[in-house]
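Q: Okay, here's the structure, questions in a sec.
2 protein chains.
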Amino acid sequence: MNAAKTGNFQQLGQLQRVAIAEAQFLPGEILLDRPQQHYLSRVLRLKEGDRFIAMDGQGQWWLAQLSPNPEFATVLESIPVQTELPVPVRLILALPKNGWDEVVRQTTELGVTTLVPVLSDRTVLNPSPNKLDRWRRIAREAAEQSERQIIPTILDLVTFRDYLALPEKPPNRYICVTRTEAPHLLAQVLASQQSPAGLQLGPLEIAVGPEGGWTPAEEEQAIASGFQPVSLGSRILRAVTAPAVALSLVAAALEINPNPNQSILP
Amino acid sequence: MNAAKTGNFQQLGQLQRVAIAEAQFLPGEILLDRPQQHYLSRVLRLKEGDRFIAMDGQGQWWLAQLSPNPEFATVLESIPVQTELPVPVRLILALPKNGWDEVVRQTTELGVTTLVPVLSDRTVLNPSPNKLDRWRRIAREAAEQSERQIIPTILDLVTFRDYLALPEKPPNRYICVTRTEAPHLLAQVLASQQSPAGLQLGPLEIAVGPEGGWTPAEEEQAIASGFQPVSLGSRILRAVTAPAVALSLVAAALEINPNPNQSILP
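This is the structure we're talking about:
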C-alpha cells in the first residue's frame, strides 16, 4: 500500500509543492526567501491561511500554511508519502550533443537518485558550470512537479574512465550496449531481485552511452569494473531516449516487486 | 535469436536506410524519386555501386545498390531482420498541449505499431491536417533511424468517446490512470503473458491521458469497453513522458518473453 495513492493524498494532490532548503526550517516555522514569497503570493496567488506542501528535498513533505507575515509559513504536520524507489538508482550518462534538459527532466520524473554526467571517448561536449546549474534547477522543478520526495543529485562532470577507477563498486551495475547479444535490462533486474543477495547491498547503477555508443575499450573497462552489459531492446534508441527507457524499466521492476526476496510471479 | 543482432547486421548497421514506397519497387529495381536521388547522392554522397538499405515500410528490408542511371537502384537481396515487437501495439494518446513531435519520435523508436491521436474531455488542442502530415513524416524518419521494419501508422484524429464506441474490442486494453490503486502496467503485461490465451488474440492497446489526466467519466467508459486501469508508477509523469514510459514497459515485457505461453522465470 502506497501512501501517495490514498484518498488523503488526492486532496493533498491539489496543493502546490515548494522545495525548501534545510536552513529555512525553524522550529514550527519556515522562513521563506524572496523568490519563494513572490512565487507563493504573486504566481500562485496564495493568501494568509492558504496551504502548500513544503518539500525538504531529503525525503520528507510538510503541510505548511502562509502566516500573516508573508516571510513565514507555519508547519502544520508531516505528510506520509512514498514516491521514491526502494533502492537508490544512479544513472551514468555520456553527454549527448543536445537534449540534456529533457533527459534530466524525464529521468527525474522517473525516480533517478543521482545523475553522473560523464565525458566518454565519443563525447564532444564539455558543458560550462552554468549548464550544471541549469540542470540542477530543472531537476528541482521536475522533482516538485512529479511529487518526488527527494531532489536528484547531479554530480560534477567526470570522465567515464575516472569514474570507473573509483574504489566504490556497487554490486548492481549495468552498461547499456547496442548490436550485441546482451541480455535485456528488464530481465536482468527482475532476475537479480530473485537472488538472495537482492538489491539491498547498494545502489543500482546504469551507464548509458552517447550518440554512436560506447567504444569497445570503454565497454571492456566497464565490464572489468563489474558492469554487466545489457540491451534496451531490438531497436536503436537515440542517446536522448535511452536514459528514460532505462529508468522506466528499472523503476517498474523495483516497484512491482519492492521486496527483493519475493518473486513477482506465483 | 534475433537476426537484428547477428554479426551480419553489424555490417549492415553501417548502411543508410531509406524508406521506399511500394509503387517504386519494379522487378529487381527501385525507381528513385527526386528527393531520394538528392538525399542519396548529395546528402549521403553515395556513388554508382554504393549500397543502402531500402525499407518498404511493410516489414521487409532490401539491400540495394545505386545504378549508373541515378534514377534507379538495383535490388541485390532481401535482408533478414527482426526489430518489430511480437504483437502489434496501438497507443491511444490524448493530445498534450506541446511536445507531440517528441512523443511520436520516442514511441516510434520504442516500437509502436499504430498511434491514435484522440480528443479527450480535457484536450484543448485540435491539430490541423498539416500537423498530422508533420507527425507522419517524423514517424517515417524515426523508423529509419531506429531501424524499424515498419513505419507506424498515425490515424486521423477522433474523439476518445467515438474510439471507445468502435465495435472492435481487442482483448488486451490498458488505460493509464493516476492517483488510484491500479496495478502496474508492467505487472499486468507480464501476467497476461502467463495466461493460456496470451497476447496472440489481437493487438495490445494502451490509452494515455492528457495533462490533468482522463476525466472519471472517460475512465468509466473505457473500463466498460474492456480497458483495464493501470499505473505507470508512484510518481506523476508529464503527458509527454508517459507514452514513452508505457511503450518502454510493454516493449520490454514482450521482448524478454516473446512466446506468450512461456514463463520468463524458471
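Those sequence lines, one after another, are chains A and B. If you read the first sequence in the numbering used here, its first letter stands for residue 811, the second for the next number, and so on. If you read the second sequence in the numbering used here, its first letter stands for residue 811, the second for the next number, and so on. Even glycine gets a Cβ: it sits at the ideal position worked out from N, Cα and C. The structure displayed is predicted, hence computed values, not measured ones.
(1) Is it the case that the Cβ atoms of threonine 884 (chain B) and isoleucine 948 (chain B) are separated by a distance below 9 Å?
(2) In chain order, what residues of the same chain have a beta carbon less than 6 Å from the beta carbon of glycine 1036 (chain A), not counting five sequence neighbours either side?
(3) For histidine 994 (chain A), which of A:Arg844, A:Ser1044 and A:Trp1024 has the nearest alpha-carbon?
(4) Where DSSP assigns a beta bridge to histidine 994 (chain B), which residues make up the other side?
(5) Cβ atoms of arginine 1048 (chain B) and glutamate 1029 (chain B): under 9 Å apart, would you say?
(6) Just checking: is the beta-carbon of arginine 950 (chain B) within a distance shorter than 9 Å of some beta-carbon in chain A?
(7) Helix, strand or coil for alanine 1049 (chain A), going by three-state DSSP, please let me know.
(8) Can at least three beta-carbon pairs, one atom from the stretch 900-907 of chain B and one from the stretch 925-941 of chain B, be found at a separation below 8 Å?
(9) Which first and last residues belong to the beta strand (DSSP E) in which glutamate 1015 (chain A) is found?
(10) Starting from the C-beta of threonine 1025 (chain B), find all residues in its chain whose C-beta is less than 8 Å away, skip the five residues before and the five after it, and write them out in chain order.
(11) Distance check for glutamate 954 (chain A) and arginine 861 (chain A), CA to CA, integer angstroms please.
(12) Suppose contacts are defined by Cβ-Cβ distances below 9 Å. Is leucine 768 (chain B) in contact with valine 1018 (chain B) by that definition?
(13) How is the alpha helix (DSSP H) around alanine 829 (chain B) delimited, first residue to last?
(14) Identify whether glutamate 957 (chain B) lies in helix, strand or coil by the three-state DSSP scheme.
(15) Between which two residues does the beta strand (DSSP E) holding alanine 864 (chain A) run?
(16) Nearest by alpha-carbon distance to glycine 869 (chain A): which of A:Leu876, A:Leu886 and A:Ile960 is it?
(17) Judging by CA-CA distance, which residue of B:Ser888, B:Asp843, B:Glu887 and B:Glu912 is the nearest neighbour of asparagine 879 (chain B)?
(18) Using 8 Å as the threshold, is the stretch 887-899 of chain B in touch with the stretch 845-855 of chain B, meaning 3 or more CB pairs across them?
(19) Would glycine 921 (chain A) be called buried (16 or more neighbouring beta carbons within 10 Å of its own) or exposed?
(20) What whole-angstrom Cβ distance do leucine 856 (chain A) and leucine 876 (chain A) have, given they're in contact under 8 Å?
(21) Give me the residue from B:Met865, B:Ser956 and B:Pro898 with the minimum Cα distance to leucine 1014 (chain B).
(22) Identify, in the order they occur along the chain, each residue of the same chain with its Cβ nearer than 7 Å to the Cβ of alanine 1032 (chain B), setting aside the five sequence neighbours on each side.
(23) Let's test the definition: count the other Cβ atoms within 10 Å of the Cβ of aspartate 966 (chain B) and tell me whether it reaches 16, buried, or not, exposed.
(24) Would you say glycine 869 (chain B) faces chain A, with C-beta separation under 9 Å as the test?
(25) Could you tell me the alpha carbon to alpha carbon distance between isoleucine 1066 (chain A) and glutamate 881 (chain B), rounded to whole angstroms?
(26) Valine 899 (chain A) by DSSP, collapsed to three states: which one?
(27) Classify glutamate 887 (chain B) as helix, strand or coil using the three-state DSSP reduction.
(28) May I ask which residues mark the beginning and end of the alpha helix (DSSP H) holding glutamine 1031 (chain B)?
(29) Between the C-alpha atoms of alanine 952 (chain A) and leucine 836 (chain B), what's the straight-line distance to the nearest angstrom?
(30) Where does valine 928 (chain A) sit, in a helix, a strand or coil, going by DSSP?
(31) Compare the C-beta of alanine 1017 (chain A) against all C-beta atoms of chain B and say whether one is closer than 9 Å.
(32) Would you say glutamate 894 (chain A) reaches chain B, if we count a Cβ-Cβ gap shorter than 9 Å as a contact?
(33) Rounded to the nearest angstrom, what separates alanine 1087 (chain A) and leucine 1057 (chain B) at their Cα positions?
(34) Under 8 Å by Cβ, that's how I've got alanine 864 (chain A) and valine 828 (chain A) pegged, so tell me the actual separation to the nearest angstrom.
(35) Three-state secondary structure (DSSP) at leucine 761 (chain A)?
(36) Can you list, in chain order, the residues of its chain whose CB lies under 6 Å from that of glutamine 916 (chain A), leaving out five sequence neighbours each side?
A: On the basis of the data shown:
(1) Here residue 884 (chain B) refers to the residue found at position 74 when the second sequence is read from its first residue. Here residue 948 (chain B) refers to the residue found at position 138 when the second sequence is read from its first residue. Going by C-beta atoms, threonine 884 (chain B) is not nearer than 9 Å to isoleucine 948 (chain B).
(2) For this step, residue 1036 (chain A) is matched to residue 226 along the first sequence. For glycine 1036 (chain A), where only same-chain residues beyond five positions count, the Cβ hits under 6 Å are Lys979 and Arg983.
(3) Position 184 of the first sequence, counted from the first residue, corresponds to residue 994 (chain A). Checked all of A:Arg844, A:Ser1044 and A:Trp1024; the closest Cα to histidine 994 (chain A) is A:Ser1044.
(4) The residue labelled residue 994 (chain B) in the question sits at position 184 within the second sequence. Among the bridge pairs identified by DSSP, histidine 994 (chain B) is matched with B:Ser1041.
(5) The count along the second sequence starts at 1 and reaches residue 1029 (chain B) at position 219. The count along the second sequence starts at 1 and reaches residue 1048 (chain B) at position 238. Not closer than 9 Å, so no.
(6) The sequence position of residue 950 (chain B) within the second sequence is 140, counting from 1. Residue-level contact by beta carbon fails for arginine 950 (chain B) and chain A, as no gap is shorter than 9 Å.
(7) The sequence position of residue 1049 (chain A) within the first sequence is 239, counting from 1. Alanine 1049 (chain A): coil per DSSP, three-state reduction.
(8) Yes, the stretch 900-907 of chain B is in contact with the stretch 925-941 of chain B.
(9) Translated into positions along the first sequence, residue 1015 (chain A) becomes position 205. For glutamate 1015 (chain A), the uninterrupted beta strand (DSSP E) run begins and ends at 1014-1018, by DSSP.
(10) In the second sequence, residue 1025 (chain B) corresponds to position 215, counting from 1. So the qualifying residues of the chain are Ser930, Asp931 and Arg932.
(11) Position 51 of the first sequence holds residue 861 (chain A). Position 144 of the first sequence holds residue 954 (chain A). Rounded to the nearest whole angstrom, the CA to CA distance from arginine 861 (chain A) to glutamate 954 (chain A) is 16 Å.
(12) There is simply no residue 768 (chain B) to check, as chain B begins at 811 and stops at 1076 in what is shown.
(13) Along the second sequence, read from residue 1 onward, the residue named residue 829 (chain B) stands at position 19. Taken as a continuous stretch (DSSP letters only), alanine 829 (chain B) belongs to no alpha helix (DSSP H), being part of the beta strand (DSSP E) at 827-829.
(14) Position 147 of the second sequence, counted from the first residue, corresponds to residue 957 (chain B). Coil.
(15) By one-based count along the first sequence, residue 864 (chain A) stands at place 54. Taken as a continuous stretch (DSSP letters only), the beta strand (DSSP E) holding alanine 864 (chain A) covers 861-865.
(16) On the first sequence, position 59 is the one that residue 869 (chain A) refers to. For glycine 869 (chain A), the nearest C-alpha among the options comes from A:Ile960.
(17) For this step, residue 879 (chain B) is matched to residue 69 along the second sequence. Distance check between asparagine 879 (chain B) and each of B:Ser888, B:Asp843, B:Glu887 and B:Glu912 places B:Asp843 closest, using alpha-carbon atoms only.
(18) Under the 8 Å Cβ criterion, the stretch 887-899 of chain B does not count as touching the stretch 845-855 of chain B, having fewer than three qualifying pairs.
(19) The residue you call residue 921 (chain A) lines up with position 111 of the first sequence. With 16 or more other Cβ atoms from the protein chains shown falling within 10 Å of its own Cβ, glycine 921 (chain A) counts as buried.
(20) For the purposes of this step, residue 856 (chain A) is taken as the residue at position 46 of the first sequence. For the purposes of this step, residue 876 (chain A) is taken as the residue at position 66 of the first sequence. The C-beta distance from leucine 856 (chain A) to leucine 876 (chain A) rounds to 6 Å, short enough to fall under 8 Å.
(21) By one-based count along the second sequence, residue 1014 (chain B) stands at place 204. Nearest of B:Met865, B:Ser956 and B:Pro898 to leucine 1014 (chain B), Cα basis: B:Pro898.
(22) For the purposes of this step, residue 1032 (chain B) is identified with residue 222 of the second sequence, where counting begins at 1. Taking C-beta separations shorter than 7 Å and ignoring five residues to either side along the sequence, the partners of alanine 1032 (chain B) in its chain run Leu974, Ile985 and Ala1017, following chain order.
(23) On the second sequence, residue 966 (chain B) is found 156 positions in, with the first residue counted as 1. Counting the other Cβ atoms within 10 Å of the Cβ of aspartate 966 (chain B) gives fewer than 16, which makes it exposed.
(24) Numbered from its first residue, the second sequence carries residue 869 (chain B) at position 59. False, the Cβ-Cβ gap to chain A never drops below 9 Å.
(25) Taking the first sequence and counting its residues from 1, the one referred to as residue 1066 (chain A) is at position 256. Taking the second sequence and counting its residues from 1, the one referred to as residue 881 (chain B) is at position 71. Cα-Cα distance, rounded: 55 Å.
(26) On the first sequence, residue 899 (chain A) is found 89 positions in, with the first residue counted as 1. If DSSP states are grouped into helix, strand and coil, valine 899 (chain A) belongs with the strands.
(27) Here the question's residue 887 (chain B) lines up with position 77 in the second sequence. In the structure shown, glutamate 887 (chain B) sits in a strand (DSSP, three-state: E or B).
(28) Looking up residue 1031 (chain B) in the second sequence gives position 221. Where glutamine 1031 (chain B) is concerned, the enclosing alpha helix (DSSP H) starts and stops at 1026-1034.
(29) Within the first sequence, residue 952 (chain A) is the residue found at index 142, counting from 1. Within the second sequence, residue 836 (chain B) is the residue found at index 26, counting from 1. Linking alanine 952 (chain A) to leucine 836 (chain B) through their CA atoms gives a straight-line distance of about 52 Å.
(30) Walking along the first sequence from the start, residue 928 (chain A) turns up at place 118. If DSSP states are grouped into helix, strand and coil, valine 928 (chain A) belongs with the strands.
(31) Mapped onto the first sequence, residue 1017 (chain A) falls at position 207. Chain B, which has no Cβ nearer than 9 Å to the Cβ of alanine 1017 (chain A), makes this no.
(32) Against the first sequence, residue 894 (chain A) aligns to sequence position 84. Closer than 9 Å: yes.
(33) The requested residue 1087 (chain A) is not part of the displayed model; chain A covers only 811 to 1076.
(34) By 1-based counting over the first sequence, the position of residue 864 (chain A) is 54. By 1-based counting over the first sequence, the position of residue 828 (chain A) is 18. Confirmed, about 6 Å.
(35) Residue 761 (chain A) lies beyond the range of chain A shown here (811 to 1076); nothing can be said about it.
(36) The sequence position of residue 916 (chain A) within the first sequence is 106, counting from 1. So the list reads Ala1054, once near-sequence residues are dropped.
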